[in-house]
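Working notes, beginning with the structure itself.
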Amino acid sequence: MEPAYRYTTYSEFMDTIHIANFLPVPDPALDVIRAVDPRIEIHNVSQNLVRYMRGSDHAQVDVRAALEEATEIQERDRVWFTFFSGDLAANASALEWIALASAGANQILDQPIGEDVTITKMPGLAARVIGEWVLAFMLMDAKQMIRLIEAHRQGTWARSDPQTLEGATVGIVGYGAIGSEIARFCDAFGARVVGIRRRASGDGTPPDDAPQSVAYVWPPERLNDVLSESDYVVLAVPLTEDTYHLIGEPELAAMKPGAALINIARGEVVDWDAQVEALNSGRLRASYTDVTAPEPLPDGHPLWSVPSLFITPHNSGLQPNYFGKAAYRFADNLRRFIDDQPLRDIVDRHAGY
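In our numbering, each number is its position in the sequence shown, counted from 1, plus 149.
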């Protein structure tokens with residue numbers, strides 16, 4: 150009887166590329182990642198470890214199992230597909246690349262991550278749905294829907310004084326991937342758009358791909374010019390040292406009286422005490438925010454009861470199959486990583502995004 154021979158595949162001679170996946174990526178999307186290279190092995194991180202990293206009550210965590218899993222990830226996985234890192238990256242000897250499935254990176258830049266570790270982000274992945282969120286609140290504000298809903302609940306026939314977005318000026322502070330998508334929505338409703346962008350031209354010329362409704366896009370030093378003429382001010386900047394409390398008492402005073410503020414950036418971009426004072430005084434007509442400081446905002450926090458302040462739980466970017474879409478973007482960059490090509494959307498740690 151002849152011996153049975155087992156033929157070794159080519160991929161078995163190659164080093165395995167270990168990837169730690171911290172996200173709820175659907176199986177078909179995981180297959181897209183695996184298809185990039187036969188050497189790829191994906192390790193789905195347990196919810197037990199995720200809870201431990203987020204500082205959950207230890208009664209909800211098997212600490213010993215979490216520490217064992219953490220050590221294995223630190224010593225094995227070259228790539229992390231995640232939203233955050235916690236302290237886990239501090240002793241991650243195998244780690245080369247953190248691929249964030251978010252537009253921003255402020256949530257991990259204060260973590261102990263080695264300078265030799267590359268961090269990437271995914272700008273624009275949720276731009277359209279965030280634009281929908283912004284437009285929804287602008288329409289709700291213009292049509293005074295909250296007042297109408299309250300009248301309905303009280304069983305009262307109370308007419309309002311509805312406005313229109315046509316002809317309104319929308320100031321977008323942070324005319325990037327998300328800001329430009331918001332501008333396209335505004336253009337469809339006939340609103341005029343003005344903006345602020347860090348890399349804007351000195352003469353205010355809009356980007357080549359801007360819709361016709363964009364009148365100008367100024368550099369940051371012209372912020373007050375944008376604030377002073379905007380009926381709606383939309384904050385869409387990353388959180389950096391330069392944008393921390395970007396909107397404080399002086400900026401709120403510079404805003405057009407009776408304007409509305411919309412924040413889909415980060416809670417720390419606004420001085421909350423100054424914002425509440427502006428709302429209470431009537432200088433701000435309303436504020437619609439998807440972000441707070443602190444976050445999540447605790448139950449019973451005083452901000453919940455501020456009149457004309459409307460808060461949603463940082464969900465403007467949520468959409469069906471978000472993680473599936475993120476996986477496709479990750480797979481594209483993963484091919485570049487394996488081929489030793491420059492990665493796309495690298496985070497500038499010094500700039501903060």
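Where is the CB? At the ideal position from N, CA and C, for every residue including glycine.
Selected residue, minimal CA-CA separation from residue i, among the options
i, options, result
"THR461", "LEU376, PRO447, PRO399", "PRO447"
"GLU378", "ASP265, ASP358, PRO406", "PRO406"
"ARG484", "ILE189, PRO173, ASN464, ALA169", "ILE189"
"ALA275", "ASP494, PRO445, ASN464, ASP481", "ASN464"
"LEU288", "HIS499, PHE486, LEU452, ALA435", "ALA435"
"LEU410", "VAL363, THR318, VAL199, ALA178", "THR318"
"ASN470", "ILE166, PRO173, THR313", "PRO173"
"GLN196", "ARG347, ALA169, LEU179, ASP180", "ALA169"
"ASP494", "ASP176, LEU433, ILE268, ALA184", "ILE268"
"ASP259", "SER234, LEU297, TRP246, SER457", "SER234"
"ARG371", "VAL363, PHE171, ASP352, ASP380", "ASP352"
"VAL194", "THR231, ILE182, GLY204", "THR231"
"GLN293", "VAL455, TRP421, ASP310, THR305", "ASP310"
"SER350", "ASP358, ARG341, VAL366", "VAL366"
"VAL383", "ALA408, GLN361, PRO360", "ALA408"
"PRO272", "THR438, PHE479, ASP164, ARG302", "PHE479"
"ALA364", "MET404, LEU395, GLY316, ALA402", "GLY316"
"PRO175", "HIS167, ILE191, PHE459", "ILE191"
Residue i, enclosing alpha helix (DSSP H) - first and last residue
i, result
"ASN373", "372–378"
"LEU198", "196–202"
"ASN412", "ASN412 -> not in any alpha helix (DSSP H); beta strand (DSSP E) instead, spanning 408–412."
"ARG137", "Here the chain covers residues 150 to 502 and nothing more, so residue 137 does not appear."
"ILE331", "326–337"
"ILE487", "471–487"
"ILE222", "212–225"
"GLY280", "276–291"
"TRP183", "Residue identity check: residue 183 is Arg in the sequence provided, not Trp. First-last of the alpha helix (DSSP H) with ARG183: 176–183."
Contact under 8 Å by Cβ, residue i with residue j
i, j, result
"ASN255", "PRO387", "yes"
"ALA214", "GLY323", "no"
"THR392", "VAL418", "yes"
"LEU249", "ARG227", "no"
"GLU390", "ALA423", "no"
"LEU314", "ALA291", "yes"
"SER362", "ARG347", "no"
"ALA476", "ALA178", "yes"
"VAL425", "VAL455", "yes"
"TYR437", "PHE472", "no"
Strand pairing of residue i, partner residues [DSSP]
i, result
"GLU91", "The requested residue 91 does not occur in the structure, where the chain is confined to residues 150 to 502."
"THR231", "LEU249"
"SER436", "LEU410, LEU458"
"TYR505", "A query on residue 505 cannot be resolved here, the shown segment of the chain reaching from 150 to 502 and no further."
"TYR507", "What is shown of the chain runs 150 to 502, which leaves residue 507 out entirely."
"VAL419", "ILE396"
"VAL366", "GLY344"
"ILE495", "THR269"
Chain-order list of residues whose beta-carbon lies under 6 Å from that of residue i (same chain, five-residue window excluded)
i, result
"ILE279", "ILE327, ILE413, SER465, GLY466"
"THR158", "Annotation note: pLDDT 43 at THR158 (below 50); position unreliable, coordinate value reported separately. Within the same chain, THR158 has no close Cβ partners at all."
"ILE487", "ASP186"
"ASP236", "none"
"ALA241", "GLN223"
Proximal residues to residue i (C-beta, below 8 Å), its chain only, five neighbours per side dropped
i, result
"ARG155", "Note that ARG155 scores 34 on pLDDT, short of 50, meaning its location in the model is unreliable and no value can be drawn from it."
"MET150", "For MET150, the predicted structure reports a pLDDT of 41, less than 50, and the residue's modelled location is therefore unreliable. A value from the coordinates is still provided. Contacts found: none."
"ALA500", "THR389"
"PHE334", "GLY280, GLU281, VAL283, LEU284"
Boundaries (first-last residue) of the beta strand (DSSP E) holding residue i
i, result
"THR267", "267–269"
"TRP453", "Careful: TRP453 lies outside any beta strand (DSSP E) and carries neither H nor E."
"ILE345", "341–345"
Contacting residues, own chain, Cβ-Cβ under 7 Å from residue i (five flanking each side not counted)
i, result
"VAL210", "ASN197, ARG200, TYR201"
"GLY416", "VAL440, THR441, ALA442, GLU444"
Proximity test, Cβ basis, 8 Å: residue i and chain B
i, result
"GLU330", "Among the protein chains of the structure shown there is no chain B, as only one such chain exists."
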